[in-house]
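**Q** Top to bottom, those sequences are chains Y and U.
Heads up, the first sequence is in our numbering, so the first residue is 4 and it goes up one at a time.
Heads up, the second sequence is in our numbering, so the first residue is 6 and it goes up one at a time.
Where a beta carbon is used, it is the ideal one built from N, C-alpha and C, also for glycine.
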Amino acid sequence: MSLITSLTKRQPATTSSDPARDIREKDGRLAFWLVVPSLIVLTIVIAFPVVWSFVRSLYGDGIGATPFVGGDNYANALWGNGSAEFWDAARFTYFFTAVSVVLEVLIGVAMALVANRAFRGRGLLRASVLVPWAIPTAVAAVLWKWAFDPNGIVNAVTGWDLIWTGAEGPSTVAIIVADVWKTAPFVALLVLAGLQIIPEDVYEAARLDGANARQQFLRITLPLVRPALLVAILFRLLDALRMYDLPAIMTGGANGTTTLSVLVVQSSLSQLKPGYGGALATLTFLLIFITAFLFVRMLNVNAVEQAGVRTPRKKDSE
Amino acid sequence: MTTRTPEPTIKGARWRAKKSVHHGSRLSMIGQNAALAAIIVFCLAPFYWMVVSSLKSPDEIFDNSLVPAEPTLLNYEAVFGAENTFVYALRNSFVIAGSVTIIALLFGVLAAYAIARLQFRFKTTVLALFLATSMFPGAAILTPLFQLFAKLGWIDTYQAMIIPDISFSLPLGVWILTSFFRAMPWELEAAARVDGCSRGQAFRKIILPLAVPGVFTTAILVFISAWNEFMIANSMSQTPDAQPVTVAIAQFTGVSQYDKPYGTQMAAGVIVTIPLIILVLIFQRRIISGLTAGGLK
């Protein structure tokens with residue numbers, strides 16, 4: 004496409020039509036047909052339930068008639084009868100997310116750096132990094148539930164006699180350990196892909212200029228791997244904030260380990276309160292949306308700054 | 006960032022570079038191996054524990070020995086025993102995850118190509134929409150979907166799980182494919198078109214082969230996320246006819262119904278994980294060679 008425009012630039016068009024505009028319109032029509040199938044699926048499975056959920060949240064629960072109650076379900080969740088369990092779930096979800104994602108990023112980046120450097124044992128390393136990632140979360144939950152059993156391996160190795168799923172602190176630790184083990188390799192995998200497209204010449208040039216290992220990491224590796232890393236963090240963030248499988252299987256949400264997702268499912272399906280559950284669902288979505296929006300917003304600012312730094316250099320070199 | 010520092014003489018630079026490489030390699034050999042070992046233990050120890058536990062009899066399982074004294078396949082017999090319909094669960098998981106992967110990739114490749122390569126007006130809106138849908142917690146759409154599928158008579162059918170799973174994988178797929186497509190050497194497409202290829206030909210003959218590694222990477226992610234899905238399947242499937250493995254394992258009964266079925270669950274976990282590991286090892290070569298060959302060289 005860029006070639007066509009450059010061709011037309013070289014031979015100025017004698018007609019008055021604007022070829023660039025033609026291309027744009029053609030692109031637009033093609034793009035429409037390419038994007039529409041995905042959008043239709045998402046509309047049926049996501050948009051419709053979202054709207055349904057929101058509308059339903061404005062009505063009461065009970066057998067038979069469900070009267071319009073407006074914002075009562077929301078008031079109930081935010082400062083009414085349900086406020087304690089809603090805010091407890093929100094607090095636990097954010098605590099779990101913050102601790103897990105930080106640990107996963109640190110461990111994941113470290114793993115990727117080692118994997119990228121390794122010459123011997125590279126195959127074994129890659130294979131083992133992929134094992135936790137490949138295990139289904141439900142299976143990992145059962146595995147860690149067994150490991151954290153009062154008679155399980157964790158107590159046997161540490162010599163403690165903890166009933167891990169019996170209190171809030173230990174339950175939280177167990178769930179975070181399970182999640183970090185399961186998904187740090189996923190972060191490593193995405194970062195490793197980013198690391199591998201950095202050409203070796205760049206490091207060689209830096210070494211010739213006298214850059215030490217730390218400078219190479221901070222000035223070359225980190226900036227170049229940043230896009231891959233940020234995407235990994237974003238997806239981890241979104242995943243952790245709606246964590247359901249691990250607490251649902253390991254603790255059933257007991258002892259303060261109810262995440263927002265577990266609370267929504269409990270309220271709307273188990274307790275058959277789709278109205279109240281709908282309100283909880285909408286609130287959960289809003290919290291996750293705001294978090295992700297802030298994260299992406301901060302990225303954009305940084306991306307613009309980076310582009311601003313890069314532009315003059317690019318001009319320089321050309 | 007790159008403030009010009011006085012350039013060292015070529016001789017000095019070479020000497021310094023040589024020294025640092027030499028120095029670094031000897032020091033890092035030990036650290037490197039230690040780090041490698043640590044990573045492998047971190048990743049494999051729990052999996053090893055799953056395998057070991059699966060080979061222990063109900064009498065032995067709680068003694069926490071690192072090697073089974075008397076390895077037994079009792080748990081594996083129980084997995085495929087009459088009370089656990091695990092074979093059906095495996096079949097169901099393959100059908101569901103396979104269909105999700107094919108359909109999601111088909112849609113995802115089209116959308117990602119448009120977003121990466123074409124100029125159109127609502128591009129940012131479309132991308133934002135994908136991102137927004139990927140944020141929506143599955144728990145929140147569960148109830149409406151359950152009621153909708155119940156009305157259609159779809160409870161306990163494959164499509165009741167396939168359709169939601171597609172929509173969960175699409176945003177991830179589109180994101181990864183888009184970033185992959187953006188990084189591809191599109192000069193080759195332009196070159197092909199100068200040589201007389203149509204847009205479609207250039208896409209099929211030049212771009213598609215180059216895109217294969219990225220598409221496979223995405224396929225693995227999508228397949229595994231569909232294979233791992235638990236929450237939707239847990240409510241949509243109610244009999245062994247449609248239950249995938251994740252739901253089946255959580256509902257296992259043990260060798261004897263009085264003990265905790267950990268041994269049986271571990272055995273089932275091993276069985277479920279093995280096809281994934283095989284899959285990952287096969288595709289891994291493609292990913293690696295794809296990522297290195299994908300660059301324009």
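#1: Which residue comes first and which comes last in the alpha helix (DSSP H) that contains Gln152 of chain U?
#2: Going by beta carbon distance, what residues of the same chain come within less than 8 Å of Thr148 of chain U, once the five residues before and after it are set aside?
#3: Could you tell me which chain A residues have their CB closer than 7 Å to the CB of Gly280 of chain Y, listed as they occur along the chain?
#4: Kindly identify the DSSP beta-bridge partner or partners of Phe71 of chain Y.
#5: For Tyr163 of chain U, go through chain Y and note every residue whose CB falls closer than 9 Å to its CB, in chain order.
#6: Going along chain U in order, which residues have a C-beta closer than 7 Å to the C-beta of Arg245 of chain Y?
#7: Nearest CA to the CA of Phe99 of chain U: which residue from U:Val277, U:Leu286, U:Val57, U:Ser203?
#8: Could you tell me the distance, in whole angstroms, from the CA atom of Phe288 of chain U to the CA atom of Ala170 of chain Y?
#9: Using the beta-carbon count (16 or more within 10 Å), is Asn215 of chain Y buried or exposed?
#10: What first and last residue would you give for the alpha helix (DSSP H) that runs through Leu240 of chain Y?
#11: For Cys48 of chain U, return the contacting residues in chain Y, with the cut-off set at a CB-CB distance below 7 Å.
#12: Given that a residue counts as buried once 16 or more other Cβ atoms are within 10 Å of its Cβ, and exposed if not, what is Phe327 of chain Y?
#13: To the nearest whole angstrom, what separates the beta carbons of Gln270 of chain U and Val145 of chain Y, a pair I think is in contact under 8 Å?
#14: Closer than 8 Å, CB to CB, is Leu165 of chain Y near chain U or not?
#15: What does Ala80 of chain Y touch in chain U if you count any residue whose Cβ is under 8 Å from its own?
#16: Can you check whether the C-beta of Gly86 of chain U is within less than 8 Å of a C-beta belonging to chain Y?
#17: So, with DSSP's three-state summary, where would you put Leu281 of chain U?
#18: Compare the beta carbon distance of Val38 of chain Y and Ala116 of chain U with 8 Å and say whether it is the shorter of the two.
#19: Is there at least one Cβ from chain U nearer than 8 Å to Ser264 of chain Y's Cβ?
#20: Cβ of Phe95 of chain Y less than 8 Å from any chain U Cβ?
#21: In whole angstroms, give me the CA-to-CA distance for Val129 of chain Y and Val275 of chain U.
#22: Of the residues U:Ile237, U:Pro280, U:Gln37, which one's Cα is nearest the Cα of Asn119 of chain Y?
#23: Gly201 of chain U by DSSP, collapsed to three states: which one?
#24: In chain order, which continuous runs of the alpha helix (DSSP H) of length 4 or greater are located wholly inside the stretch 80 to 135 of chain U?
#25: Tell me, please, whether the CB atom of Leu286 of chain U is closer than 8 Å to any CB atom in chain Y?
#26: Need the endpoints of the alpha helix (DSSP H) that Asn233 of chain U sits in, please.
#27: Any Cβ of chain Y within less than 8 Å of the Cβ of Val277 of chain U?
#28: Please report how far the alpha carbon of Ala216 of chain U lies from the alpha carbon of Arg209 of chain U, in whole angstroms.
#29: Quick check: the Cα distance between Leu263 of chain Y and Ala273 of chain U, rounded to an integer number of angstroms?
#30: Return no unless some Cβ of chain U is closer than 8 Å to the Cβ of Ile236 of chain Y.
#31: Quick test of the definition: if touching needs 3 or more C-beta pairs under 8 Å, does the stretch 199 to 211 of chain Y touch the stretch 159 to 176 of chain Y?
#32: Starting from Lys328 of chain Y, follow the alpha helix (DSSP H) in both directions and report where the run begins and ends.
#33: Taking a Cβ distance cut-off of 8 Å, strictly less, list which residues of the stretch 44 to 68 of chain Y are near chain U, in chain order.
#34: Output the residue ranges of the alpha helix (DSSP H) runs that lie fully inside the stretch 109 to 143 of chain Y and measure 4 residues or longer, sorted by chain position.
#35: Counting only C-beta atoms, is Val205 of chain Y closer than 8 Å to chain U at any point?
**A** Reading from the atomic positions:
#1: Taking the first residue of the second sequence as position 1, residue 152 of chain U is located at position 147. First-last of the alpha helix (DSSP H) with Gln152 of chain U: 143 to 157.
#2: Within the second sequence, the letter at position 143 stands for residue 148 of chain U. Within the same chain, Thr148 of chain U has no close Cβ partners at all.
#3: The structure shown contains no chain A; its protein chains are Y and U.
#4: Within the first sequence, numbered from 1, the residue matching residue 71 of chain Y stands at position 68. Answer is Y:Tyr62.
#5: Residue 163 of chain U sits at position 158 when you count from the first residue of the second sequence. Residues of chain Y passing the Cβ test: none, with the nearest at roughly 15 Å.
#6: Against the first sequence, residue 245 of chain Y aligns to sequence position 242. Correct list: Pro142, Gly143, Ala144.
#7: Locating residue 99 of chain U in the second sequence gives position 94, counting from the first residue. Among U:Val277, U:Leu286, U:Val57, U:Ser203, the Cα nearest to that of Phe99 of chain U belongs to U:Val277.
#8: Sequence index remark: in the second sequence, residue 288 of chain U carries index 283 (1-based). Sequence index remark: in the first sequence, residue 170 of chain Y carries index 167 (1-based). Each residue's alpha carbon lies about 42 Å from the other.
#9: Counting from 1 along the first sequence, the entry for residue 215 of chain Y is found at position 212. Asn215 of chain Y comes out exposed.
#10: Within the first sequence, numbered from 1, the residue matching residue 240 of chain Y stands at position 237. Residues 225 to 244.
#11: Reading the second sequence from its first residue, position 43 is the one you call residue 48 of chain U. Neighbours of Cys48 of chain U on chain Y, chain order: Ser131, Val132, Val134, Pro135, Pro188.
#12: Residue coverage of chain Y in this structure runs from 4 to 321, which leaves residue 327 of chain Y outside it and unanswerable.
#13: Position 265 of the second sequence holds residue 270 of chain U. Position 142 of the first sequence holds residue 145 of chain Y. Yes, they are in contact, since the Cβ atoms of Gln270 of chain U and Val145 of chain Y sit about 5 Å apart, within 8 Å.
#14: Taking the first sequence and counting its residues from 1, one reaches residue 165 of chain Y at position 162. Answer no: the Cβ-Cβ gap between Leu165 of chain Y and chain U never drops below 8 Å.
#15: Position 77 of the first sequence holds residue 80 of chain Y. Around Ala80 of chain Y, no beta-carbon contact reaches into chain U at under 8 Å, the shortest distance being about 13 Å.
#16: Position 81 of the second sequence holds residue 86 of chain U. Not an interface residue.
#17: The count along the second sequence starts at 1 and reaches residue 281 of chain U at position 276. Reduced to three states, the DSSP call for Leu281 of chain U is helix.
#18: Residue mapping note: residue 38 of chain Y aligns to position 35 of the first sequence, counting from 1. Residue mapping note: residue 116 of chain U aligns to position 111 of the second sequence, counting from 1. Yes.
#19: Start at 1 with the first residue of the first sequence, and residue 264 of chain Y comes out as number 261. With 8 Å as the cut-off, Ser264 of chain Y counts as an interface residue toward chain U.
#20: Along the first sequence, read from residue 1 onward, the residue named residue 95 of chain Y stands at position 92. Put simply, the CB of Phe95 of chain Y is far from chain U, with every gap to its CB atoms at 8 Å or more.
#21: Counting from one through the first sequence, the residue named residue 129 of chain Y turns up at place 126. Counting from one through the second sequence, the residue named residue 275 of chain U turns up at place 270. It should be pointed out that residue 129 of chain Y corresponds to Arg in this sequence rather than to Val. Each residue's Cα considered, the two are about 19 Å apart.
#22: Locating residue 119 of chain Y in the first sequence gives position 116, where the first residue counts as 1. Nearest option by C-alpha distance: U:Gln37.
#23: The residue given as residue 201 of chain U occupies position 196 in the second sequence. If DSSP states are grouped into helix, strand and coil, Gly201 of chain U belongs with coil.
#24: 91 to 122
#25: As a working note, residue 286 of chain U is residue 281 in the second sequence. Yes, Leu286 of chain U counts as interfacial toward chain Y.
#26: Counting from one through the second sequence, the residue named residue 233 of chain U turns up at place 228. Unbroken alpha helix (DSSP H) run through Asn233 of chain U: 213 to 233.
#27: Counted from its first residue, the second sequence places residue 277 of chain U at position 272. Yes, Val277 of chain U counts as interfacial toward chain Y.
#28: Locating residue 216 of chain U in the second sequence gives position 211, where the first residue counts as 1. Locating residue 209 of chain U in the second sequence gives position 204, where the first residue counts as 1. Those two C-alpha atoms are separated by around 10 Å.
#29: Sequence index remark: in the first sequence, residue 263 of chain Y carries index 260 (1-based). Sequence index remark: in the second sequence, residue 273 of chain U carries index 268 (1-based). Their backbone Cα atoms lie some 29 Å apart in a straight line.
#30: Here residue 236 of chain Y corresponds to residue number 233 of the first sequence, with the count starting at 1. Chain U contact via Cβ: absent.
#31: no
#32: This structure leaves residue 328 of chain Y out entirely; chain Y is present only between 4 and 321.
#33: Val44, Leu45, Ile47, Val48, Ile49, Ala50, Phe51, Pro52, Val53, Trp55, Ser56, Arg59
#34: 125 to 137
#35: Locating residue 205 of chain Y in the first sequence gives position 202, where the first residue counts as 1. Contacts with chain U at 8 Å (Cβ-Cβ) do not include Val205 of chain Y.
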